[in-house]
Structure formats: structure tokens, C-alpha cells
Amino acid sequence: MVATTDPSKKEDLFLKSPRELFMLFSGGEVTTAKPKPDPIPDPIQETVQMVVKSASQANTVLTNLFGENGVLGAKQQDLVIKDPGLVCFKALVTIERQNVGGIDLANPVSDILELQQELINNHVTLQLVSNEVDPQTKSGKLSGKVTFEHWARARDLLIPTLFDFNMDFFVPKDFGVPGAILVNNGHKNLVLILGKITMTTEFRLVKAQVTMPDQNVIRFLCNSWVYASEMSKDGREGRIFFANKEYTPAATPPGLLKLRQSELKEIQGDGTGERQEGDRIYDYDVYNDLGKPDDPRPTLGGSAEYPYPRRCRTGRALHPDGKTETRLSGALANLYIPRDERFDEVKRSGFIANNLKAKKHSIASTLFDDGLDFHGFDELRALYVPIGEESVVETIVNNQRQPFELIRQFVKASGDSKNDSFLYPTPRIIHADKDAWSKDVEFARQVLAGMNPLIIEALKEFPLKRPSAVTAEMIVPQLEGLSISEALSKKKLFVLDYHERFLGYIKRINELKSSQAYASWTLFFLSKDGTLKPICIELALPGAKDGDRPIFRVFRPSEKDAGKNWAWELAKAHVQCNDASWHQVISHWMRTHAVIEPLIIATNRQLSIMHPVHKALVTHYKNTMDINQSARKALINAGGIVEQTFAPQKYTMEISSKVYAGWRFVDQALPNDLIKRGMAVPDPTAPYGLKLVIEDYPYAKDGLDLWAAIRTWVKEHIDIFYADDKAVQGDVELQSWWSEARTKGHADITEGWIMADSKDNLVQIVTTIAWVASCHHAAVNFGQYLYAGFMPNHPSMTRKLIPEENTPEWETMQREPEKFLLSMLSNAVQSRVNMTTIEILSTHAANEEYLGQRPENWTDNPKVLAAFDKFGKKVDEIDALIKSRNADPSLKHRNGPTKVAYELLRPKSGEGLTNKGVPNSVSI
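Okay, so the sequence shown: first residue is 26 according to the numbering used here, each after it adds one.
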């Protein structure tokens, strides 16, 4: 090898491609001249022109053309057989080769492996499948195989490179319209060290299209990773990619019917064996991987005692206890999910960067922590970037991707300090007024417009049927001249009820010693000025023996103009802690992440990618299975972040199982949920057929607008493909899908389902799934850092009970109330862990897809595109409407004392910590 360098300068060795590596090791000449810095370009696309030399289906040969002559010096026209019985279909295929660790760094080792495979004639090939049936095979007509020549071309190791391949297929005139393509990855995996390590040779098929002689363009559904091919059970070799069309089973072109069925069978698998990285199999399992033999947790799912939605089956072996599934060791080891369910490169880089950034904040704050407890609110505020010194995510030229996305998010992240990147972003709850979060009206406002606005319900009766210490004498003075019966009839009384929800677990939680909690019941009154106000809080401990009357304490706000009642403030903190625990594990995890995963599995197992319902739902499933497997590794597992930082600790997931027992699909529709909680009443004359009992209920008001828009779009979509109810009933894939979703994915719940037996019911089913994945999740997820980033506003842990009056601890609390309150709540370590986690969860990715948006070329159906375009415009109108509501001073729950506008259901957002934006899916 001869390397030309300037001896006066030290230069780095830049190897950008496997060809340069090949030259290096074979003695060729390699330059070490450092490239000049240029503006960051868009992803590189390189093109190879190909032409078929033989039209024989059995033996198609490709010749790559370089200029006028081919590689053997022949003229192009000499290579093409001029057969009047043949026509030319022109294909354009775009691929992306393997990267490193899911980010946009090219993998040079894989490049060398692929080059070696190419040299020994293991190639990637493409084949066209016609919509027409071949009389001999009784399946779609096949073209000859076309090889992707010059596969292992040079690529930049730092900038993502897309490779275009232009191919000419010469097929008989009666071939028909291509309805699918078969892609065979002939590159073999490399198995090392006695089969313990496998180097895979996957590539991403980005897009593919075929141009017909009449210039009609057929696009194919791609954007999928293709691993080394194996023979299918029906003898077919290669991956199927269907044309970008939507067909019910009955409307499927005859040539695609067998392929449609075969593809579903491959995805379903046979329920055996351990899943491997390249598998595309979707199957069900119970949550038996949260604990360990030495730290067990109940298996969730599959029993009457612990019902739960199913997760994706990995097939990993069980521990010797025969109950708990093993898992791969190491922080970077991922639990199995199908490859296409993993984050894309931009999402992965942003996720990694946000994790690193949050860890940076956590580590830095640890260095300056001199004890376990915070001593005052100012000590807490010192963790945050000073107001006015926040940075914003900078836009990089050409919206550059990895690894610069990772660097950009880590170095210049939203909310970081311009001068000190080790501080946490300042939660907006303390922006305008550092103490406004503690006001009673803000405490009440957050049950309507906070991070968990799904729990408040209208009080239906008083006295309560259960034992209670709350009396009419405590309530009536707060009702502005109304009696209790009048307040009930006028729907002025509301409750946040964590009494029955937690009482059965309080004894066990308090026996943990590190947590001390109550069951809570909080009563609110809607005043004449339209503001919700708290009346009293009842806290309860279980009696000494089972069946004994609970031990109650009732707390009331300070009288007007009186000083701060710190016992009341401590009671509010206990209520907020219960709300935080319920929010994270029930409203957030169980009601969105967990219930959606089995629906994703059922959709992929039973609905072809061509099915119109699959097409409607797939965008609402993006990234969910990846974030869920991450949660099982580090968030909801035994000893994970949820158990470390939330009061129920080891009982958190068990409680979510008990709550799931009462989960009903029909109640997940927003209108049904509001009516069930008494927050709305049916009214045929009102918009959407119901009337809110609190008009200024931001979550419900904005949510109903979005619900109606989603339902209108779904109905128009369904109307395109189903003429009547019989068409729905006769769709075999649809019926199998919904049956499996109910009886396998949610096998433990047998009540509360809607049957897919009419168009209207189908619309309701699809709308409910879309709502839960998008709007419901956005409402409970992206406000977490906004409301809980300042820990005292929404603490996740209580470590002490409230002192009894006339005790030494009571006197201590009165002397140093802030210090005592903070000693009762999450300690410094727990606070940092929780802040770090919710900072990550509240952050939008750079390539987030929001409600009303879809990827380019997601369908070729003009009727569907027109309906979706109308939906997108409606979503934009709602975004503007929400903005105008937030500017209306008469709507007091919109901003409140903290002057934080309710924007969690504003559909659009930029990246970063924005406290708004409704992604299509449970994407984080």
C-alpha cells in the first residue's frame, strides 16, 4: 500500500467504504487526505442502471451499463432482445444498507461481509408478481429474477446513503399489472464462535415502483428490513411486498390471493421456538418477565386473579422456577419484537441522546447533593435552568440525520441552559410564578387540565354508601347558598376518588416502610364564577383488622385571608401522590401502552397489509412495541424506575392488573367515558350528542373535537370499501382480527366489547383504537414534565403520614413546614430519577408524525387521499380553535394561576419539550 501524506501535518485515516477497506488489505493505494468540510447534504442517493439480457423467467441475466457501452463493450441495443411479444416494465428500487446499532452510522463490517457474499455470487434479486393468475401454477404470474448488480458500492460512513437501482423487466404482453414484488436477500449471515454470535446482512427496502409502458406507475408498500432469505413453507423464496393498494379479501386480485394468505401465515408463526432478530413473527404471551426468581412478581395475564393484556411473545426459556422468563443480559440487549417495529434511525438517535442528556442532568445534580432530602423549595429550584437562559433545539442544515441527530439533541437540546448544560429544563409550572402551583384553585384546575384529567367524576349521592367521616356540616358552608341536594341536582359537586382504588393495598404499601400512604377522597365544588374549588380531603387508613372501619382524617382549606394551613397542604400532597401513581401505571401505561400492544399483534397476524383497516390503523401503532419492550426492561420491572419512585412500589403493576379486571373496551371511547363518569350527559341537540356538565373542562372540550374529527375520517374511509353491514360481516380477515384481539390479545376480558358486525360498529372500533393511541396517550404523556418536573406539584412518593395534632412531630411541622413537606415527599435521589425519566417521556422526536399526518405515498387510492386531506385540514382548524380558547380570559381552567395554557391536545408541535402535540401513536 502506498499512502500519500503531508509529513508536516498529522492526518486521520478516513475509510468510507468496503471498497477502500478491500484496497487497504489487498495492497492497493488509499488516500489519507482529510476531506474538506462541506455543508451537510441530504442523504446520498447513488444509481445503477440495469437491463435484462434475457427475457427467460428461468434465467434472467442483468448487465450494468457504464456510459454507452456495457461492461463487455457491447452496445446496449445489442443486449436487448427485440421480441414483439415482450413489453418493458421499468422498476426503480431504493435501499439503505445496514447501520450500526439502529443509528445512522454505516456498518463497515457488514459492508465487507456483503462484498464477500457478492463475490461468491450470493446476490439480492427482485421478481415481479402479476395480478393475473398463471394457469399452470394457479398463482400470480412471475417475471424472471433480476439481480441487484454492484451492490457493495462505496458509501459515506457518517451520512446516510440511499442506493437507487433502475431495472428493466421484459415480460410477455399478457403479463398483466404487477401487484407484488418478491425480494430475495441472498446474502448469508455469518455465524461465529460456535454459533454464539451471528452477523446479519439485512438491508432496508425504502421504496419500489414499476413504470408501465403507458407510464402508469405502480408503487409498492416497503420501508421494511429484509434479512437473509429462507424458503417459505409454500416453497416461495423471498419477501413479499404488495402494491400500494387497499383491498378487502373479496376484492383482492386473483393473482395475489395465495400470496396474501401465505404472508399472514408467515407472520403468525407456529407458536414455538425462541424468536430471533430477523424474525417477523407476531404472537402473544403473558407478562412473566417482570420479576426474577430471587425477586418474584406475579405473572400478569392468563388468570382470574391477575388479568392483563398480552405482550409480544419472545419464546425465551424460563428460569428454573418454571415461571419467570429469562432475558438477555446487558443494558443494550433488547427484548424481541419484529424488526420493523423498532425505532427508525432518527427516533433511535433522539431517544439515545435524550437518555444521555437526562442522565447528564441527573449525574450533575447528584454531585451537588449533600443529603437525601431537599430542605426547601429554593434548593429544588436550583436544579433548573434560570428563566430566560433556555436554549432551543437548533435546526441543522438540510434536516440532517444521524449521527448528527444524536449529537444535536445531546449538545443543544430543548430547555437546556445556554451556559450550563447540566441543569434540568425549567418546568413551565413555575415559570410565571414560582409559588402559583400551590394555590388551591390550581390544585383543582389540574384535575380538569393537568396530566391526569381522566379521573374526576360527578358526585352522584351524599351521604356516601360507604363509611365516611365527611359530614354535611363540612360541605354546606362552601356551597354558595345551595343545599347538598341542590348542588347534586345542578351537578356542582365532583370527586377525585382514590379511596376504594387504593384502600385494599394501603396496609401492604405502608408495611414496606419506605412508603407511607393513605387512601384519599377529594371533594370539589363548581363555583358561580366557573372555577372548580376544593372543599375537603378525606384520608383513610385501613382498620386494625380486616373488616374494621377505616381510620379517617378530614382536612379543609384555610379560611379566606387566613394564613397557610400546612396540614391541608400535606393532605393535598398525599392526594397528588395517589394521582401520580394512578396516572403513571393506570391512565398512562395500562390504558394506552399495554392495551394497544395486543391490538398491534392481532392486526399484523390477521389483517393483510393491503386491508383497509390495517391501512387505517398502522400509523397508530408506530414505535409502540419498541417503547413497551424498553419499559419491561427498565420501567415496570421488579426494582425498575416505577417501583423505585412511586408510592405503591412493588405493588404498582399488581394494582394495574386489578384495575384492568374492570377495563372495558366500550368505555375507552371519549364520549362513553365522559358519560360514565357523569362529566357529560346525552343531549341529541348538543354537538356530538352530549353536553359537558363543566363547559370549561379543557381535556374534554378539546378531546371531543378531535374525537369527532377522527370518527368522521374513519367513517369516510370505511365507506369507500364496505357497501353495507353484510360486507363487514363477510370479511373473513376482519372477523378473524377482531375475534383474536378479543379472545387472545385481551383474553381475560369477556365483557364490554363491540362486535364488528356492522359498518357503524367497525367505525366505532377503529375510532376508539385511534383515539387511545393518539389523543388519550398525548393527554397523559406529554404533560408529565410540565406538571411533575417540579416534584412538589405532583409528587410520586410519600414517605410519612401527616402528624397528629399536639404531638412533637406536629410542632416540628409547624416550625419548618417546607422542610417537613419535602421530607415527606420523594427524596433527592427519587426525585432525580423520576425527573430524568419524565423528561425523556415528555420529549417529541425530530421526525414525529402527528395527527392528520402520514408518510409520503402511504396510499395510492385517490378517494382515501381526498378523505384524509379533509381530515388533516379539520385537525388544523381544531389546533387554531384550541389556541383561541386558551386566549379567552373567561375560561379560567385554560391557564389558571400558573399561566400555563392547556395545549396537550393541540395536535401539532415541534420537537423537544413543548407540552403540546398529538402524535399518531404511543410513540414514547
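Each residue gets a CB set at the ideal place from its N, CA and C atoms; glycine is no exception.
*State whether the segment 685 to 698 contacts the segment 325 to 337, with contact taken as three or more CB pairs (one from each stretch) at a distance under 8 Å.*
yes
*If we count the other Cβ atoms within 10 Å of its Cβ and call it buried at 16 or more, is residue 864 buried or exposed?*
buried
_If distances are taken between C-alpha atoms only, which option among 282, 298, 279 and 307 comes closest to residue 291?_
307
*Helix, strand or coil: how does DSSP classify residue 694 here?*
coil
*Tell me whether residue 589 is buried or exposed, calling it buried when 16 or more other Cβ atoms sit within 10 Å of its Cβ.*
When all chains shown are included, residue 589 counts as exposed.
*residue 539 to residue 856, Cα distance in whole Å?*
C-alpha separation (whole angstroms): 14 Å.
*Return the first residue and the last residue of the beta strand (DSSP E) that residue 580 is part of.*
For residue 580, the uninterrupted beta strand (DSSP E) segment begins and ends at 576 to 580.
*Going along the chain, which unbroken runs of the beta strand (DSSP E) with 3 or more residues stay wholly within the segment 258 to 332?*
Listed in chain order, the beta strand (DSSP E) runs fully inside the segment 258 to 332 are 264 to 267, counting runs of at least 3 residues.
_Whole angstroms are fine: how far does the CA of residue 811 sit from the CA of residue 938?_
9 Å
*Are the Cβ atoms of residue 701 and residue 692 separated by less than 8 Å?*
Going by C-beta atoms, residue 701 is nearer than 8 Å to residue 692.
*Determine the direct distance from the alpha carbon of residue 477 to that of residue 859, and round the result to whole angstroms.*
17 Å
*residue 545 and residue 608: beta carbons closer than 8 Å?*
No, these two residues do not count as a Cβ contact at 8 Å.
*Is residue 78 helix, strand or coil by DSSP?*
At residue 78, the pLDDT of 35 sits below 50, so the modelled position is not reliable and the matter cannot be decided from this model.
*When 207, 163 and 186 are compared against residue 282, the one with the closest alpha-carbon*: 163
*Tell me, please, whether the segment 647 to 662 touches the segment 614 to 623 by the rule of three or more beta-carbon pairs shorter than 8 Å.*
The segment 647 to 662, when compared against the segment 614 to 623, does touch it at the 8 Å Cβ threshold.
_DSSP beta-bridge partners of residue 244_ = 234
_Residue of 457, 161 and 211 minimising C-alpha distance to residue 926_ = With distances taken between Cα atoms, residue 926 lies closest to 457.
*Using DSSP with H/G/I as helix, E/B as strand and the rest coil, what is residue 549?*
strand
_List, from N- to C-terminal side, the beta strand (DSSP E) runs of 3 residues or more that fit wholly inside the segment 128 to 152._
128 to 131
*Can you check whether the CB of residue 948 is closer than 8 Å to the CB of residue 941?*
Contact flag unset, no.
*Counting only the same chain and skipping the five closest in sequence on each side, list residues whose C-beta sits under 8 Å from that of residue 808.*
475, 476, 867, 929 and 940
_Proximity winner among 806, 838, 268 and 572, relative to residue 886 (alpha-carbon distances)_ = 268
*Taking the alpha-carbon positions, what's the residue 167 to residue 285 distance?*
15 Å
*Using DSSP with H/G/I as helix, E/B as strand and the rest coil, what is residue 944?*
strand
*Given residue 911, which residues of its chain have a CB within under 8 Å of its CB, disregarding the five upstream and five downstream residues?*
919, 920, 926, 927 and 928
_Beta-carbon contacts of residue 331 that lie in its chain and below 6 Å, excluding the five residues immediately before and after_ = 323, 325 and 682
*Could you give the distance in angstroms between the alpha-carbon of residue 622 and the alpha-carbon of residue 581?*
43 Å
*Taking Cβ to Cβ, would you say residue 711 is nearer than 8 Å to residue 534?*
no
*Which class does residue 833 belong to by DSSP, given the choice of helix, strand or coil?*
helix
*CA-CA distance, residue 313 and residue 303?*
Approximately 23 Å, taken between the alpha carbons.
*Identify, in the order they occur along the chain, each residue of the same chain with its Cβ nearer than 6 Å to the Cβ of residue 316, setting aside the five sequence neighbours on each side.*
322, 349 and 663
_Among 273, 178, 751 and 172, nearest to residue 786 - alpha-carbon criterion_ = 751
*Does the beta-carbon of residue 563 have 16 or more other beta-carbons within 10 angstroms, so that it is buried, or is it exposed?*
Flag for residue 563 reads buried.
*Tell me where the beta strand (DSSP E) around residue 210 begins and ends.*
203 to 210
_Going by DSSP in three states, residue 125 sits in which element: helix, strand or coil?_
strand
*Under 8 Å between the Cβ atoms of residue 790 and residue 779?*
yes
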